[in-house]
Amino acid sequence: MGTIILASASPRRKKLLEQIGLTFKVVKSNIKEALDVHIEPHTLAEKLSQLKANVVAKTEKNALIIAADTLIVFEDEILGKPKNAIDARKILKMLSGNIHIVITGFTILDSSTGILITKSVETKVFMKEMTDEEIHRYIATGEPLDKAGAYGIQGKGAIFVEKIEGDYSNVVGLPLFELTKELKKFNV
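If you number the sequence shown the way the UniProt record's numbering does, the last residue is 188 and the count never jumps.
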């Protein structure tokens, strides 16, 4: 195994890997994330993470590739990233005062051997009731526009999260506990 590669342009995932002391480089996987609502969410998150890892493996031949995909599930509906501010408002209104699930699928792929591990982790998030004014002010910051579920638990959106059940880093975008457990199988 050569270089460790994060197959993601997400600054949040980059920060999480830096937090655990990994030395890696970032190679963005240029795939169009199409949400197939007919696939069970855990399976979809895992498949998307595998697809991202496989795309990067085509150009990175001697690497350990880490890829991930995070989905928000509310009342059996998969919520992706908002298309615009209007969509972000709609998503935040739905999540307000309710419980939703964050699922992150991740893949670790050794591109030199083809050996891969894919898993998904689920975290339950309890959101407080948000006023229209709070939603408006939050959207005006721009923060919700590039995040699944239209909020960032690690940023200004933290004030809307009452509590979580599960792995906090999973909600940010990479379940560090499970990831590090699986990385050990690759001697990392």
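For each residue, glycine too, the CB sits at the ideal point set by N, CA and C. Bear in mind the structure is a predicted one, so any value in this text is a computation, not a measurement.
Check: Of the residues I103, H100, F160 and E60, which one's Cα is nearest the Cα of L6?; Outcome: E60
Check: Note down, in chain order, each residue of its chain lying with its Cβ closer than 8 Å to the Cβ of H42, except the 5 sequence neighbours on either side.; Outcome: I103, G105, S120 and E122
Check: Could you say which of P144, Q154, G166 and V188 lies nearest to V91 if we only look at CA atoms?; Outcome: As written in the sequence, residue 91 is Ile, which differs from the Val given in the question. Here the closest residue by C-alpha is P144.
Check: How would you label G157, buried or exposed, when you count the other beta carbons within 10 angstroms and need 16 or more for buried?; Outcome: buried
Check: Reducing DSSP to helix, strand and coil, say where M94 ends up.; Outcome: helix
Check: Taking 8 Å as the threshold, find out whether the region 43-58 comes into contact with the region 110-120 through three or more Cβ pairs.; Outcome: yes
Check: Rounding to the nearest angstrom, what Cα-Cα distance links E68 and S29 in this structure?; Outcome: Note that residue 68 is Ala in the sequence shown, not Glu. So the alpha carbons of these two residues sit roughly 10 Å apart.
Check: Please determine if the region 121-139 and the region 20-28 are in contact, where contact requires at least 3 C-beta pairs separated by less than 8 Å.; Outcome: no
Check: Residues in the same chain with beta-carbon distance under 6 Å from F126, minus the five sequence neighbours each way, listed in chain order, please.; Outcome: I99, E162 and K163
Check: Looking at the structure shown, is T180 part of a helix, part of a strand, or coil, going by DSSP?; Outcome: helix
Check: Out of curiosity, what's the CA-to-CA distance linking L79 and G155?; Outcome: 19 Å
Check: Is P11 buried or exposed, if buried means 16 or more other CB atoms sit within 10 Å of its CB?; Outcome: exposed
Check: A88 and I139 look like a contact to me (Cβ under 8 Å); what is the Cβ gap, rounded to whole Å?; Outcome: 5 Å
Check: From G142 to K81, what does the alpha carbon distance come to, in whole angstroms?; Outcome: 13 Å
Check: Given F118, which residues of its chain have a CB within under 6 Å of its CB, disregarding the five upstream and five downstream residues?; Outcome: Sequence inspection shows Thr at residue 118; the Phe mentioned does not correspond to that position. Hits under 6 Å: E46, Q50 and T107.
Check: Would you tell me roughly how many angstroms separate the C-alpha atoms of L48 and N187, rounded to the nearest one?; Outcome: 25 Å
Check: Is the Cβ of V161 closer than 7 Å to any Cβ of chain D?; Outcome: No chain D appears in this structure, which consists of one protein chain only.
Check: Which class does I159 belong to by DSSP, given the choice of helix, strand or coil?; Outcome: helix
Check: Here's a check: name, in chain order, each residue in its chain whose Cβ is nearer than 8 Å to the Cβ of A85, leaving out the five neighbours to either side.; Outcome: I139 and L145
Check: Looking at the structure shown, is H38 part of a helix, part of a strand, or coil, going by DSSP?; Outcome: coil
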